[in-house]
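**Student:**
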Amino acid sequence: MPSIPDSRANTEGGCEMIQKPLLRVRDLETRFFTEEGQVNAVEKLTLDIHDGEVFGIVGESGSGKSVTARSVLGLLESPGRVTGGELWYRDETFADTVRADHPDAVDGDYVDLESLPSNVRRTLRGTHFSMIFQDPMSSLNPSIPVGEQIAEAVEAQRRARANPRSVASRTQGYGLSQYLMSTVMGSRKYVKSESLERAVELLELVGIPDAPLRAKEYPHEYSGGMLQRAMIAQALAGEPKVLIADEPTTALDVTIQAQILDLLTELQEETGMTILLITHNLGVVARMCDRVGVMYAGEIVERGTLADVFDDPVHPYTQGLLGSIPDLEGIGARLQPIPGNVPSLLDHEMGGRCYFADRCPKAMEECLEHPPEFDVDGSSHHATRCYLAETTYSEARALDADYFGSAEPLEDAADEPVEPARSDGGNTEEDSR
Amino acid sequence: MISDRVKQSLKREFSRSVMAKIGLVLVLVVLLTAIFAPFIAPHDPTQQGLEESNIPPAGVTYTTEEFQMVDGERQTVETETRGSLDHPFGTDALGRDLFSRVLFGARTSLLVGLGGTAVAVGTGVGVGLVAGYFGGRVDDGLMRFADIMLAFPALVLALALVGFFRGSDYQAIAIPDPFVRAGLVDGMPESFVFPLGLTVVVGIVNWVWFARISRGEALSIRQEEYVKAAKSLGASDWTILRQHVLPNSLTPIIVLATIQVAAIILLESSLSFLGFSGTTLSWGFDIAQGRDYLGTSWWIASIPGLAIVVTVVGINLLGDWLRDALDPGLEGEHGGGM
Amino acid sequence: MSADDHTVTTTGRPTNEPLVRVTGLEKYFWENDSLIDRLLGDDPVPVRAVDGVSFDIHEGETLGLVGESGCGKSTTGETLLRLQEPTGGAVEFDGRNVYDLEGTGLKAFRREAQIVFQDPFSSLDPRMTVGRIVRQPLDIHDVGSKTDRRAKVQDLLERVGLAADHVDRYPHEFSGGQRQRIGIARALALEPEFIVLDEPTSALDVSVQAQVLNLLDDLQDEFDLTYLLISHDLSVIRHVCDRVAVMYLGEIVEIGPSEEIFESPRHPYTEALLESVPRASTDERDRDRKTISGDVPSPRNPPTGCRFRTRCPQIIPPDDLEIDQEVYRAIMTLRERIENRAITLEAVGDRGEYEDEDGEFDVTDPDAFVADLKADILEWPVSGRHDERVTEAVMALASEQWDDAAEQLAETYGSVCERENPGLPESAHPAACHLHDVPSVEDDRYGPS
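Residue numbers (the numbering used here), protein chains in the order written: chain A, 1 to 433; chain B, 1001 to 1338; chain C, 2001 to 2449.
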């Protein structure tokens, strides 16, 4: 059994982390087995998430950030599979209930979710973990009133607690009698009126005006922002400890995005839940997150506190990403884009080098070997997968500009010519998940 | 027009699916027999021989009981007829060789099936694309007409139209058989009767399906930005229909057409069965002929029936293969974005 | 493009006139307009996607059109190019009304004005090779010989940063950014003067977006292009545009030089938009921003007067009323909900006090009901004489007198913003807001903050 290293103190932003991390992800690997070949969507991903923090994962499309979220939740669908790594979740009571049946999966307060059978893991969804998605319209059933759908979620959580075989029930003090009652009584109606009432409360909590009336309406009668609120209400039904938000505001307008971000901040402060926020929008990250991980080609290439990553980026990819955003505060100079495209993530095309080397303006000879994670300047919370953390860039060891294939046609207009497998292969497979 | 991706997809789906292979084999068999019928057929399908009537298929022995007056007494005499390889599928009541008739009947069925589908595709796709692309009043008018057509049961409509074509000279035309003309085979019919009127009728009965599906396609393709782009470049509506709308709506049309060939073959058989075909060399006609003998000579109706089943099943399997291979996200990976 | 190709359109426009002049452009879509609806006698409902929009675009500049989804910015772009027929108004291109053009005149316009679309997937026909896509405009206008066209296509592809030997590939073999480059090459093929860029980068990743923005910038310099850039992304707009028009619910609420719009926005909506964008910097968390509540109203039934008034954080109270903005906003929201009857009376309170056994609305203690309702609905504490007025009006709700309650509130709290549409005045940087009405008799205590 692997031992758990000491948790790292998070000293940024005034929130002193003396606790052990809530979630410890170690060497997580997710693969998609597609016709074009094996796609390494998540590659040896390691990170800690602490109690009550907002952790942001930022990256471009095809970087594997959404797959990471789904892997954590155990929601991958074929042909995707977690093929390796551990996912330690700290919850004392949960550890106690699982210990008897799965002693190997428990270490102290921690439970390795990856070594639990899927039916046990499922009991965590909704009650411990829940998720909100980018597109609320497709996540809600168009033919059932919104209130009923949330009530259903409420009931599902209630049943999970009332189910004597579920792990949660023993901890929540519910017993067989409730189970019998709900079985007998629950069948009278589609959802019980008390669940509906709870649903209305939840809708009010997320700021939907005239919730009793809106609860009876169907998803198509809601605006995009309202739907996103309704989905957050649904995710909150089981009072989860961890909320995974996958691009929660990408489909929304800026004024509505601001409202939803405020709502999430408010809810987080009220309930103290932990949020794992997946986004491509660096502004959203800056607004919401305590700590950030930057993903590229399935790896976290740089992680640290918000200030570490935004003010002292070490990895050239992070620098490139920040340099690509047009500035709202002033007419900036010419943008500094990253040349080229996101790689395909196909296993046989990845090779053993640094995955960013072909687009990197500072690629050196070292980069032909895959970099491990380095701590930046001896910091305990800022780490990056780049040799530049330890060595300085030197022209002498730089790789030729056209080392990785054809020279680029124009100085900055620099998509390299694609091979057919690249554009319709891995990225899209993975994105559509 | 067919990209490598489509080819790959077709191949992949084919290698995966046993049914597709069966379908292809069945359709190829029917197609080849239809083309080379004069070479394969052991007899002239129209040649009658009363002394050889009602012979069962090869390997089948059939016993008829007859009452005969023997020595002034009524006796039951059992006559045993044994099928032989001379008539592998047996003969009908007029002594015509059923095997040969099935082979030649395949020509009628396939020609009417393909011809009728061509008529249906031509009218239906034309109407549908125009209705869907232009929308508004044009669409309202054309599609309400299509709905009315759809309200009639297919067979009833077909019968009415057959009546309409009855007097025409083009109801049936004789096509000379090239193999016989060239002197490659002897003893086969000189020409082959193609029921043109019937083909047009079954086409007209079925055009609505194509109109509906191509209208739907046109409606959605009209919204595509590449159509707007072509408009902004100054392309005419005709150019846009020809260059963008038609090619991009082909996939479902092809799939539907395959399935409609089978449906039209069935309809042709029904009409022939009812005696409205214009040719006497057709599976449906043979089934009608054999109906009276179902109790005694069951094969007369069953063998052409079996031929219809084999053909229709084969084409449908092929259609399923095309649908599975072409449908799922043909270049449709709109998954981009973030 | 050689000069003689311009003969049709370069006539008649004095040099100081704008290249594109849009006047009172309207585009309505009609709902309930099918045959059956007409038979049933249902009146068609107009959806006012674009409702009287006017602006100029000068040669060589980039005008940004910014707004949230559904504000009509894309419809404006398409109607402007006559990809949709307008409901009203006029667009002059090079001195000629685009909607009067026919035949060769229209064809000449099609050469001069092009569009680049948002969706790099749907904007390229999946069944055409890249070569054919880029060649299509040349084919339509019959430019040059076959070999000329082929050479031109290869030139264009290289110019936008693709390889010339990509001509025989299909769009699906390219990434989003590369497809967008193909779309740009197609728009450039006829060497137009004017290009509408309809959200050209919103489907792209930031790093690729930066590549495309740089490319568009270079092309503008090289070919003296005039751009209309439609986008919801304010930072893109700021980076690229010389002047900016802000749209809300089918109307332009503010238009002016980019610098001024971003540094000193005059319309409360523009201000709210700018405030709402999260900045990618570590100061962002501590930035105290003023966001606006509520949703964009439906364009089927836009608010009277100023369309932004239902969400406006600076709505103007009547002159004789002394009231804090927050209190006034809270009362106006209450009014709004009473007028729309969007309050479920029986659900007021926490425990269903105002509900009888059958779930019907039933009030035994009106005072308690009013107190509960105020607690539930009002977003800001209201006190003093305003509280008295509100209490009085809400009391009418206890007996379900909705109209009565609405009227009482309207009498005291009616705003100029709901009576009059402010309209866009003539100036270099106009804003359609009563805050900027010419100060007449009153003082200008509600002036720009």
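Beta carbons: idealized from backbone N, C-alpha and C, even for Gly.
Run through chain C and tell me which residues come within less than 8 Å of V254/A, C-beta to C-beta.
**Tutor:** Per Cβ cutoff of 8 Å: E2068, H2232, L2234, L2273, S2276, V2277.
**Student:** Is it true that the region 2252-2262 of chain C meets the region 2236-2244 of chain C, where meeting means three or more beta-carbon pairs spaced less than 8 Å apart?
**Tutor:** Yes, they touch.
**Student:** For Q1048/B, does the count of other Cβ atoms within 10 angstroms reach 16, so buried, or fall short, so exposed?
**Tutor:** Its Cβ having fewer than 16 others within 10 Å, Q1048/B is exposed.
**Student:** Let me check one thing: in DSSP terms, what residues is F129/A bridge-paired to?
**Tutor:** BP columns for F129/A point to R125/A, V242/A.
**Student:** In three-state DSSP terms, what is L2229/C?
**Tutor:** Looking at L2229/C - three-state DSSP - the assignment turns out to be strand.
**Student:** In the DSSP assignment, what residue or residues form a beta bridge with M295/A?
**Tutor:** Partner(s): I300/A.
**Student:** Suppose you measure from the CA of S169/A to the CA of A160/A; what does that come to, to the nearest Å?
**Tutor:** In this prediction, S169/A has a pLDDT of 41, which is less than 50 and means its spatial position is unreliable; what the coordinates show is noted afterwards. About 7 Å.
**Student:** If you measure from the beta carbon of F2117/C to each beta carbon in chain B, is any gap under 7 Å?
**Tutor:** Yes, contact with chain B.
**Student:** What runs of the alpha helix (DSSP H), each 4 residues or longer, lie entirely inside the region 2216-2291 of chain C?
**Tutor:** Qualifying alpha helix (DSSP H) stretches, in chain order: 2234-2240, 2258-2263, 2268-2276.
**Student:** Residues in the same chain with beta-carbon distance under 6 Å from Q1171/B, minus the five sequence neighbours each way, listed in chain order, please.
**Tutor:** F1165, G1197, G1278.
**Student:** Quick check on DSSP: helix, strand or coil for G1163/B?
**Tutor:** Reduced to three states, the DSSP call for G1163/B is helix.
**Student:** Could you check which residue in F55/A, D91/A, G126/A, G225/A has the C-alpha nearest to that of L75/A?
**Tutor:** Closest by alpha carbon: G126/A.
**Student:** If you draw a straight line from the alpha carbon of F55/A to that of T2333/C, how long is it in whole angstroms?
**Tutor:** The alpha-carbon atoms of F55/A and T2333/C are separated by roughly 36 Å.
**Student:** Using three-state DSSP, classify T2201/C as helix, strand or coil.
**Tutor:** Three-state result, T2201/C: coil.
**Student:** When Cβ atoms are compared, which residues of the region 2077-2096 of chain C fall closer than 8 Å to chain B?
**Tutor:** So the close ones are E2078, L2081, L2083.
**Student:** Can the beta-carbon of G1163/B be found less than 7 Å from the beta-carbon of I1259/B?
**Tutor:** No.
**Student:** Less than 6 Å between the CB of D2218/C and some heavy atom of the ligand ZN, yes or no?
**Tutor:** As far as ligands go, the structure on display features none, and thus does not contain the ligand ZN.
**Student:** Given that a residue counts as buried once 16 or more other Cβ atoms are within 10 Å of its Cβ, and exposed if not, what is W1209/B?
**Tutor:** Buried, since its Cβ has 16 or more Cβ neighbours within 10 Å.
**Student:** Taking CB distances under 7 Å as the criterion, tell me whether L1306/B reaches chain C.
**Tutor:** It does not: the Cβ of L1306/B has no partner Cβ on chain C nearer than 7 Å.
**Student:** Are the CB atoms of Y2028/C and P2044/C within a distance shorter than 7 Å?
**Tutor:** No, the pair does not count as a contact, with Cβ atoms beyond the cut-off.
**Student:** Could you spell out where the beta strand (DSSP E) holding S1191/B opens and where it closes?
**Tutor:** Taken as a continuous stretch (DSSP letters only), the beta strand (DSSP E) holding S1191/B covers 1191-1194.
**Student:** Out of Q2154/C, R2082/C, D2324/C, A2330/C, point me to the one whose CA is closest to D2168/C's CA.
**Tutor:** For D2168/C, the nearest C-alpha among the options comes from Q2154/C.
**Student:** Any beta-carbon of chain B closer than 7 Å to the one on D2042/C?
**Tutor:** By this cut-off, D2042/C is not an interface position.
**Student:** So S2122/C contacts chain B; which residues on that side make the cut at Cβ distance below 8 Å?
**Tutor:** The answer, in chain order, is E1224, E1225, Y1226, H1334.
**Student:** Counting contacts by CB-CB distance shorter than 7 Å, is V2382/C in contact with chain F?
**Tutor:** In the displayed structure, chain F is absent; the protein chains listed are A, B and C.
**Student:** Excluding the 5 residues preceding and the 5 following L1157/B in the sequence, name in chain order all residues of the same chain whose CB lies nearer than 6 Å to its CB.
**Tutor:** V1205, listed in sequence order.
**Student:** In three-state terms, what does DSSP make of L1157/B?
**Tutor:** The answer is helix: DSSP assigns L1157/B an H, G or I state.
**Student:** Measuring CB to CB, does L2083/C end up less than 7 Å from S1272/B?
**Tutor:** Taking 7 Å as the Cβ cut-off, L2083/C and S1272/B do not qualify as a contacting pair.
**Student:** Name, please, each residue of chain C whose Cβ falls closer than 8 Å to the Cβ of D311/A.
**Tutor:** Under the 8 Å cutoff, chain C gives T2282.
**Student:** Report the option in S2298/C, K2374/C, F2361/C whose CA atom is closest to the CA atom of S2399/C.
**Tutor:** Looking at the Cα atoms, F2361/C is the closest of the given residues.
**Student:** Do you know offhand how far G2414/C's Cα is from L22/A's?
**Tutor:** Roughly 54 Å between the two C-alpha positions.
**Student:** Taking Cβ-Cβ distances below 8 Å as the criterion, which residues of the region 2136-2164 of chain C are in contact with chain A?
**Tutor:** Listed by position, the residues of the region 2136-2164 of chain C near chain A (Cβ gap below 8 Å) are E2158, V2160, G2161, L2162, A2163.
**Student:** Any beta-carbon of chain B closer than 7 Å to the one on D2125/C?
**Tutor:** Yes, its Cβ sits closer than 7 Å to a Cβ of chain B.
**Student:** CB E86/A to CB R26/A, shorter than 7 Å?
**Tutor:** A contact, by the Cβ cut-off of 7 Å.
**Student:** In chain order, what residues of the region 346-371 of chain A put their CB closer than 7 Å to some CB of chain C?
**Tutor:** Cβ contacts with chain C: none found.
**Student:** Skipping 5 residues on each side, what residues in its chain have a beta carbon closer than 7 Å to that of W2402/C?
**Tutor:** Excluding positions up to five away in sequence, the list reads I2338, R2341.
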